[in-house]
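Taking this note's numbering, the leading residue of the sequence shown gets 2, the next gets one more, and so forth.
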Amino acid sequence: MDSSQLLKGVLDLAVLAVLKERDGYGYDVVRRLREAGLDEVGDASVYGTLRRLFKAGALTSYVVASDEGPHRKYYGLNDVGRQMYATSAKTWASFSATMATLLKEERE
């Protein structure tokens with residue numbers, strides 16, 4: 002199974018989960034997703050997801066000066082984003098439980 006297709010379906014939730022932990026800038030979010038095990042996540046996909054979630058009103062943003070290069074645009078969850086996270090997390094938990102049941106039946 003091509004895991005990149007699965008990742009596309011849950012990237013919004015994964016980004017929201019990372020930002021629920023703490024605010025982050027684009028590459029920081031990419032790095033944290035990869036550290037969590039989503040090795041195949043692409044930079045462009047994450048940056049696009051951040052922009053889309055921001056336009057949807059789920060994220061706030063602010064700029065922080067950096068000693069290591071250009072200023073960084075940080076993103077954080079707002080009330081809409083926290084609600085989106087909670088709803089999506091419940092949907093994912095239900096879906097993954099259903100899949101676990103189906104796969105268990107296949108193994109028996």
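Just so you know, even glycine gets a beta-carbon here, dropped at the ideal spot from N, CA and C.
- Sequence-distant Cβ neighbours of Met85 in its own chain, meaning closer than 7 Å and more than five residues away, are Leu17, Ala59.
- Pairing Ser95 with Val42, the inter-Cα distance amounts to about 24 Å.
- Contact between the region 96–105 and the region 68–87 is absent, with fewer than three C-beta pairs closer than 8 Å.
- When the Cα atoms are used, Leu8 and Val81 turn out to be separated by approximately 22 Å.
- The beta carbon of Ser46 sits closer than 7 Å to those of Leu12, all from its chain and outside the five residues before and after it, given in chain order.
- Rounded to the nearest whole angstrom, the C-alpha separation of Ser62 and Gly49 is 14 Å.
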